[in-house]
Each structure stands twice: as C-alpha cells, then as structure tokens.
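According to the numbering used here, the first sequence is numbered sequentially starting from 130.
We treat Cβ as the ideally placed atom computed from N, Cα and C, and that holds for glycine.
Following: one structure in structure tokens, then a few remarks.
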Amino acid sequence: MRQVAESIGAGLAKAALAGAIDGEIVEVSRPIHADAAFRILTARDEDALGVLRHSAAHLLAMAVLELFPGTDLGFGPATEDGFYYDFKTPRPITEEDLPAIEARMKAIVKEGRAFARVELDRAQAKARLADVGYDLKVPHVDEIPEDVISFYDSGPFTDMCEGPHVPDTSWIAHIKLLAVSGAYWRGDAEGEPMQRVRGTAFFDKKSLKAYLARIEEAKLRDHRKIGREMDLFSLHPEGPGFPFWHPNGTVLWNALEGLLREELLARGYGEVRTPSVLSDELWRTSGHYEHFRDDMYFLDIDERSFAVKPMNCPGCCLIYGSKPHSYRELPLRLAEFGSVHRNEMSGVLHGLLRVRSFTQDDAHVYCTEDQLESEIGDMLDMTRSVYSAVGFDDIKTRLATRPENAMGDPDVWARAEQALGAALDKNGFEGAWVEAPGEGAFYGPKIEVHVTDALGRSWQCGTVQVDFSMPARFGLEYTGSDGQKHTPVMIHRAILGSMERFVGILIENYAGKFPLWLAPVQAKVLSITDKQGAFAEDVARQLVAGGIRAEADVRGDKIGSKVRDATLGRVNYMLVVGGREAEAGLVDVRSRAGDRLGTMDVEAFLSLARAEVSERR
RNA sequence: GCUGGAGUAGCUCAGCGGUAGAGCACCUCCUUGGUAAGGAGGAGGUCGCGGGUUCAAUCCCCGCCUCCAGCUCCA
C-alpha cells in the first residue's frame with residue numbers, strides 16, 4: 130500500500146499513517162490484494178486517532194518494560210479520549226513514576242522505532258509469549274478465532290496484537306500520561322490485580338493542549354464544587370447517594386419541571402402521582418423482583434413485605450388497570466415526576482450524576498402497535514424541543530435492538546424496531562442515529578438520546594422504550610372496535626432521564642452561569658453607601674413582587690467588593706444604586722459578564738428581565 | 001462491591017506523640033467609598049466514628065463510616 134500511496138504522490142505517502150483494505154484498517158506496509166477496495170488514512174481521518182492511540186499504548190508498554198523489567202502485560206487499547214495499558218509490575222507504579230515513564234516514551238519517539246508485523250501460528254505465538262514472559266496472555270491465544278496470530282515488534286519490544294499501527298514511533302510525539310489506577314486482568318474483580326496507566330495522544334500539539342485544557346476546565350466546572358459555591362444541594366453521610374436540595378437548587382428543579390409541564394399540557398399528557406412504597410407482590414408481577422431485587426430497598430410492615438419503588442411503571446399500570454378502556458382512549462399518555470430508589474453499589478456514587486434516589490421525568494403511553502410510530506415521533510419532537518430550551522442542540526440517538534434473551538414474537542420486535550427507526554427518520558434524526566444491535570432491553574427495543582455539552586462531552590439522558598411485556602403481566606386491556614379485548618403496547622419514556630443527574634449536567638454545561646429563567650438569584654441590588662440601603666431593599670421588594678428572584682446587598686462594603694461577590698455568586702444582573710439613582714428612582718444595570726446596560730427605572734428592568742425569562746434566552 | 005488514596009474551622013489547606021494554625025467566608029466596630037477584594041478586632045474545632053498501644057494520640061495500630069480516583073455495574 131505504501132507503493133500505491135507513493136504512486137499517488139510523495140506528500141500522501143508521507144502523510145499516510147494507515148490504510149483500509151475492504152473496510153479493515155491496516156498499516157501502510159500491508160500488501161494490497163487484487164481487486165481490494167482500499168483507502169489511505171491520514172491524520173485527518175476519523176479512524177486515525179484510534180490507530181495513533183493504540184500505537185501510543187504500545188509505546189507506553191515499551192517504556193514501562195524498560196523501566197520495570199519483569200513486567201507482565203495485560204491489554205492496551207485505545208479509548209474514546211486516549212489509551213491505557215494494564216501492567217503487572219514487580220513493584221507498584223505510582224503517580225511519581227509517570228514523568229519518568231513519559232520521558233522514556235518521548236525518547237523512544239525520537240528513535241522512530243518501526244512497528245513491524247510478524248505473523249505466527251498458535252503454537253509459535255504461545256512459545257513467543259512464554260519466551261518474553263507475557264504469561265497472562267498465553268491462555269488468551271486459544272480464544273483468538275483467527276489462525277494467523279500477529280505480533281508487532283518495535284526494537285527489543287514485542288506484543289501480540291491485532292494492529293494496526295502507525296508506521297513508526299515518531300508519529301506519536303504528542304502524548305501525556307494522566308493517571309495510574311487499579312484494574313483487573315480482563316476486568317474480572319476475582320482475577321489478577323493489575324495497574325492501569327492512562328494517557329492520551331494527539332497528532333498535533335495544539336489538540337493535545339486543547340484536550341488538557343478541557344480537563345482542567347471540567348474540574349473547574351465540577352457540579353459538586355459549584356453546587357456548594359451556589360448553595361444548590363448537599364450530600365450527607367446519613368444518606369449516601371440521596372441528595373438534599375437547598376432553596377437555590379430547588380429553583381433549578383422547579384424551572385425544569387415547569388418547562389416539562391408546558392410540553393406535557395400541549396401534547397395531551399395527564400400527570401399522575403404514585404406511591405413510593407408498594408407491596409412485594411406488585412414487584413413480583415412486574416418482574417422487577419426477579420431481575421433487580423438486589424438493587425431494591427425492602428421493608429416489612431405488619432408482617433407484609435414492601436419495597437421502595439425502583440421504577441414508576443408498575444404503579445402507572447395499576448392506574449391504567451383501575452377501569453376498563455376503549456380503543457377510543459388510546460393513546461393514553463400518563464406522565465409522572467416519579468421519585469425512585471435504587472441501591473447502587475457504593476463505589477459508583479458520584480455527586481448528582483450517579484445517585485441512589487432520583488426523580489425521573491417519566492411517562493408511560495399505552496397505545497396500539499399502529500400508533501407506535503407517531504407516538505414515538507412525538508416523544509422525539511418533545512425531546513428536541515425541551516433540550517433546545519435548556520441549551521442543548523447537539524443531540525445524538527442510538528436505536529438498541531433485539532437482544533439474545535428477548536421475550537416475545539420476533540416479528541413484533543422487527544415491526545417495533547422499524548417503527549422506532551421510522552420515527553427517528555421523520556423527526557429530524559435521519560442519518561443522525563446509529564443502531565446498537567442486541568442492546569435493547571429483554572422486553573423491547575429502545576432509543577437512547579445523548580446530548581453534547583459545552584465541553585463536547587456526551588451524556589445519555591433521554592430514553593424511549595417499547596415494552597411488549599408489562600401490559601400482559603398486569604393483564605391490561607382495551608376493547609377494540611371489533612368488540613374484542615386487546616393488550617395495549619406500552620412505551621416508557623423519559624426526556625431528561627433523572628432530574629438530579631440532569632441538573633448536575635446543566636451545572637457543568639453552564640459552569641453555574643445559568644440563563645435567567647433558570648438562575649437561582651436573577652438580580653442583586655447593590656447599594657453604594659448606607660444612605661441607599663432602604664431604597665435598595667425597596668427595589669428588591671419590587672422586583673420580587675414583579676416575579677424576579679432578587680436580593681439586596683446593603684452591607685457596609687465598597688461597591689467593588691459587592692460587584693465582585695455578586696459576580697462570583699453568578700448573579701445575572703447587578704442593579705447598582707447610589708445617591709444619583711436613589712434620587713431619581715432609577716437603577717444602574719450591570720450584567721454578569723460586566724456589560725453596563727445603563728440606568729433605567731425598575732419597571733423598565735422588569736420588562737427586560739421578564740422578556741428574557743419568557744423566551745428562555 | 002473491589003483496588004488505591006483521603007477525612008483537621010463553613011470553604012481551601014498547613015501541622016504532627018506533649019489536648020491546634022493560616023487565608024477566605026462569618027460577626028462587631030471604624031470607614032460612606034461609583035462597578036471584581038478598605039481597615040481593625042472577634043467568634044468559630046470531641047482534628048470522621050469506635051477500639052487499642054502509650055505517662056500522654058489529631059498524629060502510631062485495628063475495625064467501621066463517608067468522600068475521591070479507577071475497576072465493575074447502570075432495569
């Protein structure tokens with residue numbers, strides 16, 4: 130392939146880091162067979178970064194083996210953000226070792242060691258692994274389906290690896306080791322403990338720097354830190370994973386609920402509330418007891434066993450089943466801001482992003498199979514509308530299809546998957562969704578909705594799931610136009626997913642600098658001297674009466690100090706009142722960003738602020 | 001749940017076998033200053049919890065709890 134690249138042009142040959150033959154990515158040194166479809170990858174290709182990073186993982190292993198002789202290797206793949214390699218070293222690697230490892234890596238980069246592919250059979254592969262002391266990988270050879278097993282040699286280093294790689298180590302100049310952490314051989318907690326060194330690599334210095342800056346920026350935006358600074362929420366040892374919402378955080382929560390309720394009303398939903406504690410039998414009927422009892426909280430009351438709800442759907446099904454239904458009522462759309470509790474493993478808890486009690490902006494729609502596509506379409510439309518209002522316009526979707534252990538008729542599955550796909554196509558996601566084969570729930574296919582935040586990070590939030598199982602389990606029915614009883618299809622959907630998690634994501638997305646309609650403190654009236662104290666407080670009262678969340682700062686500090694505090698407190702508008710303003714009954718308005726909007730009367734500011742709130746700017 | 005690390009004032013952190021410190025925040029007083037830090041004073045701590053070692057433990061040891069970084073998991 131290198132010759133082909135050269136024949137096209139010397140520039141291309143130089144830029145060629147890998148190629149693709151019949152869709153499979155390989156290195157440029159690989160021969161091209163007759164009639165093969167091929168392309169040449171340069172740093173600009175999407176797949177190129179993965180090749181570079183996997184090569185960087187090898188580079189890391191080279192350095193570690195040289196610095197820690199006797200190290201055994203685990204796996205070293207590229208990841209979304211970089212790469213890692215798992216090691217079993219004679220002595221533990223610590224953070225302090227990373228600079229030395231990185232320096233050695235950079236020295237090897239300068240050597241420009243080639244990645245030379247060697248192909249062996251199974252027995253040769255095992256012998257070679259044993260020879261270099263990679264004991265962990267020996268049994269793995271038997272699990273490789275191909276008969277030809279490839280190794281990549283770079284100087285004294287060799288590794289069993291599928292490839293492909295960049296031509297030589299000089300390509301991997303822009304690297305950074307980030308962390309060392311515990312891992313297990315093949316991710317098995319019972320297995321061999323290992324150490325994972327993580328890092329990242331880019332083709333150019335600028336991208337690497339930008340990535341590292343993004344990590345720093347993410348730390349500054351950590352919702353746990355901002356949550357404390359803005360007094361939004363707190364967590365306590367008395368309730369690990371159970372967030373406490375403070376007044377400021379509850380403002381955010383209520384604003385989001387308000388937004389969702391507007392949409393629910395417009396889209397023909399009814400809102401319901403169901404109890405948090407329900408009898409065991411319900412959870413046996415729904416199937417949750419069987420599948421998820423380890424994650425549920427149980428309690429005994431009067432010799433009866435109850436469980437705290439881990440999901441809202443069974444309760445909603447009781448509402449549906451409380452009376453007979455006609456096909457004329459369908460689709461029946463029931464929404465619930467439902468608080469659920471799940472006993473997640475202690476190690477996974479993380480601020481608001483992973484909790485044990487959370488509130489889903491849930492809804493269950495009972496409909497016929499024919500109505501699936503239009504109902505799902507409306508849900509996607511609502512998703513787009515809500516996300517756009519909170520500032521997320523970059524939305525990605527995945528369609529998770531029938532898994533191995535699926536229940537129900539495969540034809541019904543196929544039709545449902547078709548309906549989901551069609552709904553995606555017709556609602557602005559055409560060409561923008563990917564299929565995730567086999568990742569659906571056992572009871573039905575689902576759509577996952579991911580948003581991209583201001584730092585380019587992707588978060589899974591919304592979900593739309595078709596359920597062929599639960600209506601039958603609960604014996605739910607409707608009478609069709611034929612006079613016969615039929616079982617409805619049920620759709621579960623959540624737009625934000627979890628209110629807690631979504632607020633956490635929003636905090637990080639905005640770095641706490643919320644648009645006016647979400648901001649806990651929308652305006653602060655700052656007095657310049659004590660003489661304006663009463664006026665400042667009166668202005669704040671007028672603002673509150675006018676529907677704006679306002680406070681007055683009448684401390685004996687200087688105006689500069691008050692501006693600074695309000696700015697750090699992320700208050701959207703500062704209304705400065707000194708002698709001139711108090712005299713004229715005006716306020717001097719300053720935005721959070723520092724723009725001076727001039728003096729105006731309170732009514733003028735109110736109408737400006739109200740417009741901004743109602744438009745959710 | 002597993003591996004490793006951490007827990008000292010509201011926050012960020014220093015200290016370290018002889019019962020505790022700074023900055024910011026808070027309170028009081030002085031200052032009344034026009035758009036990102038005016039000054040002085042004061043208050044605030046069972047050094048995460050429980051055991052042990054010691055004449056003496058915030059400090060050393062053991063157990064637990066919580067948090068952090070990963071792993072794993074996420075209906």
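query: Do V731 and V742 have their CB atoms nearer than 8 Å?
result: no
Less than 8 Å between the beta carbons of E504 and V494, yes or no?
yes
- Note down the Cα distance separating V581 from G698, rounded to an integer number of angstroms. Checking the sequence, you will find Thr at residue 581 rather than Val. Cα to Cα, T581 sits roughly 26 Å from G698.
query: Are the beta-carbon atoms belonging to F435 and V469 less than 8 Å from one another?
result: no
query = With a CB to CB cut of under 7 Å and the five nearest residues on each side skipped, what residues in its chain are close to S610?
reply = Y456
Counting Cβ pairs, one atom from each stretch, are 3 or more of them under 8 Å apart for the region 660-668 and the region 701-710? yes
Considering only C-alpha positions, which residue in the set S598, F631, R602 and F571 is nearest to G591? Ranking the options by Cα distance to G591, first place goes to F631.
Checklist entry - Taking the C-alpha atoms as reference points, what is the distance between A149 and R246? => result 16 Å
Which listed residue (R725, D507 and V326) has its alpha carbon closest to that of L194 = V326
Practice item. Pick helix, strand or coil for R343, following the three-state DSSP scheme. Key: In the structure shown, R343 sits in a helix (DSSP, three-state: H, G or I).
Between which two residues does the alpha helix (DSSP H) holding T171 run? That residue, T171, is in no alpha helix (DSSP H); it is neither H nor E in DSSP.
Q) Shortest alpha-carbon distance to A561 belongs to which of G567, V718 and A551? A) When each option's Cα is compared against that of A561, the closest is A551.
Practice item. Please list the segments of the beta strand (DSSP E) lying wholly inside the region 653-741, counting only runs of 3 or more residues, in order along the chain. Key: 679-682, 702-706, 715-720 and 725-730
- Over what stretch of residues does the beta strand (DSSP E) that includes E153 continue unbroken? E153 to V155
With C-beta atoms as the reference, is L655 less than 8 Å away from K691? Cβ distance < 8 Å, so L655 and K691 count as in contact.
Exercise. Can you tell me whether DSSP reads Q651 as helix, strand or coil?
Worked result: Q651: coil per DSSP, three-state reduction.
| task | Use the C-beta contact count for P293: other C-beta atoms within 10 angstroms, 16 or more gives buried, fewer gives exposed. | result | buried
### Task
Would you kindly check if the distance between the Cβ of L361 and the Cβ of K266 is under 8 Å?
no
Practice prompt. Could you have a look at M536 and say whether DSSP puts it in helix, strand or coil?
Written response: Here M536 sits in coil by DSSP.
Anyone know if the C-beta pair for E473 and G370 falls short of 8 Å?
Contact flag set, yes.
### Query
Touch check for the region 517-537 and the region 475-492: three-plus C-beta pairs under 8 Å?
no
Selection from K642, S451, A165 and S517 that minimises the alpha carbon distance to I355 | K642
Report task. Mind listing, in chain order, the continuous beta strand (DSSP E) runs of no fewer than 3 residues lying wholly within the region 578-615? Result -> 587-596
Given 8 Å as the limit, is there contact between the region 132-151 and the region 159-177, that is, 3 or more CB pairs closer than that? yes
When we look at the beta-carbon of G387 and count the other beta-carbons within 10 Å, is it buried (16 or more) or exposed?
-> So G387 ends up on the exposed side.
By the three-class DSSP mapping on this structure, what secondary structure does S748 have? Past the boundaries of the shown model lies residue 748; the chain is included only from 130 to 746, so the question cannot be answered.
*asked:* Below 8 Å on the Cβ atoms is my contact criterion, and I expect S136 with V295 to pass it. Report the Cβ-Cβ distance as a whole number of Å.
replied: At roughly 21 Å, the Cβ-Cβ gap does not stay under 8 Å, so S136 and V295 are not in contact.
If you scan the region 423-475 from start to end, which runs of the alpha helix (DSSP H) of 4 or more residues do you find wholly inside it?
442-449
DSSP three-state call for I636: helix, strand or coil? The DSSP-derived three-state label of I636 is helix.
For A330 and L645, the rounded distance between their alpha carbons
So the alpha carbons of these two residues sit roughly 39 Å apart.
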